[in-house]
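Chains as they are written, first to last, in the numbering used here: chain A, 93 to 452; chain B, 9 to 189.
Note that CB positions come from ideal geometry on N, CA and C, so glycine has one too.
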């Protein structure tokens, strides 16, 4: 953290309501000055990609450090101002750049100094010649943050997964539209399952890191395998004491309950370090955005959403790449008309030959 | 009259005796033979060409190979087109969404952040958290901004007893359903 550091004594936040309010404001503060960003990848047949970024902000402020995707002065930009239905002014910055290949995009990602510089992203392009047609695969991939987490599909069913991966504005729309009660109840169910998932991931990450830090010096009860077997027990301990978690962790009560008195004293430093690593990985410094793609030819497969103009769309938020790779994948095909012609002539040749032989 | 008749008879006799004679009849004969030969050679060339192009039909292994290749080509074509058709059909079943707005952070995102904030705050030494001066300023600015924005909203709610009642009811419901943070 750069600049002058000031300490905010946490003890002043005795009042839980105030603590929650401050937490909420911290979350909201993170969203301030954050432009709504949509990145559109127009994939060409030769593997080059025209990348368009549309950034919308309530202020005419588009600092590179606030932007969700790599952007610099080499882009062709166009600024404009729009008015919402409510009469608010929205500043829009549109930028475009032609990338000769995926490598160029990836090198941009590597040197990113924007708001999402802490996450590892890359793009992949593959072109397969299949005689009658050519197949194009394009993906944007975000590396997972947690090393020992659980895939979200182990906690959510197909319908819930669809809800989880939907853009927020769509789920909000459903919750405020017709059948709102049904959708709100459904959203609550998903939220509850996700809370369990978060907790399980945190505990699993802590166990993994704790085992790695303590290494070989521990007894058989403290190996990663043994701790992992008791993972649910630890989750229960944490959930039971969640309201007093901070104090109980500080005085070692929770750790004692989990690994015993002696071990808790002996490995307190490792336990704290593991907890810091786990929470750092969980607390992804990330600003959400939207990715779109336009593929050459006919779209044949994707794990994204399709909008009314036939463009592909993926919302990107930190939960999606918390425990597994987030792959935004699209596949399309173009017809090779010359191959169709050659094949037709060949078939005609063979059929004529056979007909001639029969006649002869 | 007699002399006239004689002249006529003589002329007829001369005409009868003079047979039609072909000039250069040998050349003509040669030409006819040459043309007949050419016709034959043309037919021979065409059949030779066909023989050359389709000669493979008489070689068993070439014929079988080419027929095999043709079948494979047809099979590949059918397979590829069927698979594309299936994929395109699947794509058409996909839900089409409208708009591309981003909206505020999702509720799960907020829940996650609150959960982790609560847990991670307890992990800091001496019960302190560290934030930069800039972040602190942003925090206070946002708080003021929030107060301003919601002042009007609160006024509207307070002025409408029905709305007030509804919101209170919803808040109570939320309190019962949500884990207490």
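Euclidean distance between Cα positions of residue i and residue j
i, j, result
"residue 146(A)", "residue 437(A)", "48 Å"
"residue 373(A)", "residue 241(A)", "10 Å"
"residue 24(B)", "residue 14(B)", "15 Å"
"residue 50(B)", "residue 61(B)", "17 Å"
"residue 84(B)", "residue 414(A)", "41 Å"
"residue 160(A)", "residue 200(A)", "13 Å"
"residue 239(A)", "residue 305(A)", "14 Å"
"residue 399(A)", "residue 81(B)", "36 Å"
"residue 207(A)", "residue 162(A)", "9 Å"
"residue 32(B)", "residue 55(B)", "35 Å"
"residue 210(A)", "residue 155(A)", "17 Å"
"residue 112(B)", "residue 168(B)", "At residue 112(B), the pLDDT of 44 sits below 50, so the modelled position is not reliable; the number obtained from the coordinates is stated separately. C-alpha separation (whole angstroms): 27 Å."
"residue 178(A)", "residue 172(A)", "18 Å"
"residue 316(A)", "residue 364(A)", "16 Å"
"residue 53(B)", "residue 46(B)", "10 Å"
"residue 178(B)", "residue 164(B)", "17 Å"
"residue 445(A)", "residue 66(B)", "10 Å"
"residue 236(A)", "residue 97(B)", "32 Å"
"residue 130(A)", "residue 408(A)", "10 Å"
"residue 303(A)", "residue 246(A)", "24 Å"
"residue 174(A)", "residue 422(A)", "32 Å"
"residue 335(A)", "residue 161(B)", "31 Å"
"residue 293(A)", "residue 197(A)", "32 Å"
"residue 267(A)", "residue 165(A)", "41 Å"
"residue 359(A)", "residue 287(A)", "28 Å"
"residue 333(A)", "residue 348(A)", "13 Å"
"residue 102(B)", "residue 175(B)", "37 Å"
"residue 254(A)", "residue 158(A)", "29 Å"
"residue 115(B)", "residue 259(A)", "Only weak support is given to the placement of residue 115(B): the predicted model assigns it a pLDDT of 47, under 50, and the question is left unresolved by the model."
"residue 6(B)", "residue 16(B)", "Absent from the structure is residue 6(B), since the part of chain B shown begins at 9 and ends at 189."
"residue 261(A)", "residue 269(A)", "12 Å"
"residue 72(B)", "residue 78(B)", "10 Å"
"residue 180(A)", "residue 319(A)", "55 Å"
Cβ separation of residue i and residue j, assumed to be a contact under 8 Å, to the nearest whole Å
i, j, result
"residue 256(A)", "residue 244(A)", "6 Å"
"residue 323(A)", "residue 296(A)", "6 Å"
"residue 139(A)", "residue 219(A)", "6 Å"
"residue 390(A)", "residue 424(A)", "6 Å"
"residue 183(A)", "residue 152(A)", "4 Å"
"residue 58(B)", "residue 442(A)", "Actually they do not touch by this definition, with Cβ atoms about 15 Å apart."
"residue 291(A)", "residue 340(A)", "Not quite, the Cβ-Cβ distance comes to about 15 Å (not below 8 Å), so this is no contact."
"residue 191(A)", "residue 233(A)", "16 Å between Cβ atoms; not a contact."
"residue 248(A)", "residue 285(A)", "6 Å"
"residue 428(A)", "residue 226(A)", "6 Å"
"residue 187(A)", "residue 169(A)", "5 Å"
Residue j beta carbon less than 8 Å from that of residue i
i, j, result
"residue 388(A)", "residue 214(A)", "no"
"residue 189(A)", "residue 167(A)", "yes"
"residue 406(A)", "residue 383(A)", "yes"
"residue 367(A)", "residue 298(A)", "yes"
"residue 99(B)", "residue 426(A)", "no"
"residue 224(A)", "residue 432(A)", "yes"
"residue 369(A)", "residue 301(A)", "yes"
"residue 148(A)", "residue 128(A)", "yes"
"residue 194(A)", "residue 221(A)", "no"
"residue 403(A)", "residue 412(A)", "no"
Beta-bridge partners of residue i, as assigned by DSSP
i, result
"residue 393(A)", "423(A)"
"residue 169(A)", "187(A)"
"residue 418(A)", "234(A)"
"residue 222(A)", "225(A)"
"residue 133(A)", "143(A) and 385(A)"
"residue 408(A)", "381(A)"
"residue 215(A)", "232(A)"
"residue 149(A)", "183(A)"
"residue 128(A)", "148(A)"
"residue 174(A)", "182(A)"
heavy atom of the ligand SAH below 7 Å from residue i C-beta
i, result
"residue 442(A)", "This structure lacks the ligand SAH, and indeed carries no ligand of any kind."
Worksheet item: Which residues, in chain order, does the segment 209-230 of chain A contribute to contact with chain B at a C-beta distance below 9 Å?
Response: Correct list: 222, 223, 224 and 225.
Item to complete: Output, in sequence order along the chain, the residues in the segment 362-396 of chain A whose CB is closer than 8 Å to any CB in chain B.
Response: Those residues of the segment 362-396 of chain A that come within reach of chain B (Cβ to Cβ, closer than 8 Å) are 364, 367, 368, 371, 374, 375, 380, 381, 382, 384, 390, 391, 392, 393 and 394.
Worksheet entry | Near-chain A residues of the segment 75-91 of chain B - C-beta to any C-beta below 9 Å | For the segment 75-91 of chain B, the set of residues with a beta-carbon nearer than 9 Å to any beta-carbon of chain A comprises 75, 77, 78, 81, 82, 84, 85, 88, 89 and 91, in chain order.
Worksheet entry | Contact residues within the segment 163-183 of chain A, judged by C-beta distance below 7 Å to chain B | Within the segment 163-183 of chain A, not one residue has a Cβ closer than 7 Å to any Cβ of chain B.
Practice prompt. Report the residues of the segment 27-58 of chain B with a CB closer than 8 Å to any CB of chain A, ordered along the chain.
Written response: Near chain A, meaning a CB-to-CB distance below 8 Å, the residues of the segment 27-58 of chain B are 58.
Item to complete: Taking only beta carbons into account, state which residues of the segment 411-435 of chain A come closer than 7 Å to chain B, listed in chain order.
Response: Residues 411, 425 and 435.
Fill in: Under 9 Å (Cβ pairs) to chain A, residues found in the segment 150-166 of chain B
Residues of the segment 150-166 of chain B with a C-beta atom less than 9 Å from some C-beta of chain A are 150, 151, 153 and 154, listed in chain order.
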